[in-house]
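**Student:** Please see the structure below; I have some questions.
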Amino acid sequence: MDMNLLHHPQLISLRRWWLAQGGSAGLPSAADLSPAMLRPWLDNLVVVDIDPAGEPRYAYYGANLAAAFGTDMVGRSIDQLPNTQRAILAREYDTVRRDSTTLVRRYTADFDGQTQTWERLLLPFFDGDGAVEKIIVAVYRLE
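If you use our numbering, the sequence shown corresponds to residues 771 to 913, in order.
Put into structure tokens, the structure is as follows:
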């Protein structure tokens with residue numbers, strides 16, 4: 771992924787951290803993840819667990835995101851989201867899982883009558899067999 775695609779400094783630093791986690795195989799391990807490692811970004815992070823069938827479920831939902839979007843999705847599936855949002859996220863999560871790749875997206879939308887632009891970075895973490903087990907999603911509002 772071209773680092774020039776990222777604008778928010780926190781996402782740039784998270785991407786650099788993620789690259790350093792790959793070890794000799796180049797695959798960041800889900801087993802090695804801990805909240806302490808992610809502390810600088812926790813309030814703006816979502817951790818998505820991918821079950822063996824490939825279905826995503828929210829394992830963690832950062833406080834800033836819960837406040838900004840008015841919900842805490844911990845323990846919930848994306849099936850509980852509105853259709854349009856669910857379709858976008860399902861496509862993103864499936865791309866990261868299927869292609870074992872990172873993904874970045876910027877979007878502008880109306881949030882409670884205010885137009886806001888957000889940037890999101892999706893980073894895969896792998897199990898011992900090289901399959902995507904978790905996806906870390908960092909989301910920051912662009913000013």
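Every residue gets a Cβ at the ideal spot worked out from N, C-alpha and C, and that includes glycine.
(1) If we ignore side chains and look at the alpha-carbon of each, how far apart do ILE858 and THR865 end up?
(2) Between which residues of its own chain and LEU812 is the CB-CB distance below 7 Å, once the five residues before and five after are set aside?
(3) With a threshold of 16 other CB atoms inside 10 Å of the CB of PHE881, please say whether the residue is buried or exposed.
(4) Have a look at ASP897 and ALA800 and give me their C-alpha separation to the nearest angstrom.
(5) Between the Cα of GLY900 and the Cα atoms of ASP842, GLU825, TYR828 and ASP869, which residue gives the shortest distance?
(6) Which whole-angstrom value is the C-beta distance of LEU892 and THR872, which I expect to be below 8 Å?
(7) Span of the beta strand (DSSP E) holding PRO779?
(8) Going along the chain, which residues of its own chain have a beta-carbon closer than 7 Å to the beta-carbon of GLY824, five neighbours each way excluded?
(9) For a quick check, are the C-beta atoms of ARG890 and ARG875 less than 8 Å apart?
**Tutor:** So, from the data block:
(1) If you number the sequence shown from 1, residue 858 lands on position 88. If you number the sequence shown from 1, residue 865 lands on position 95. Going by the C-alpha atoms only, they are around 11 Å apart.
(2) Along the sequence shown, read from residue 1 onward, the residue named residue 812 stands at position 42. The answer, listed in chain order, is PRO805 and GLY832.
(3) Start at 1 with the first residue of the sequence shown, and residue 881 comes out as number 111. Result: exposed.
(4) To locate residue 897, count along the sequence shown from 1; it is residue 127. To locate residue 800, count along the sequence shown from 1; it is residue 30. So the two alpha carbons sit approximately 6 Å from each other.
(5) Position 130 of the sequence shown, counted from the start, is the residue given in the question as residue 900. With distances taken between Cα atoms, GLY900 lies closest to ASP869.
(6) Locating residue 892 in the sequence shown gives position 122, counting from the first residue. Locating residue 872 in the sequence shown gives position 102, counting from the first residue. Right, their Cβ atoms sit about 6 Å apart.
(7) For the purposes of this step, residue 779 is taken as residue 9 along the sequence shown, with counting starting at 1. First-last for PRO779: 779-790, but that is the alpha helix (DSSP H), not the beta strand (DSSP E).
(8) The residue given as residue 824 occupies position 54 in the sequence shown. Excluding residues within five positions, the ones whose Cβ falls inside 7 Å are ARG867.
(9) What you label residue 890 is simply residue 120 of the sequence shown in a count that begins at 1. What you label residue 875 is simply residue 105 of the sequence shown in a count that begins at 1. In this structure, ARG875 lies closer than 8 Å to ARG890 by Cβ.
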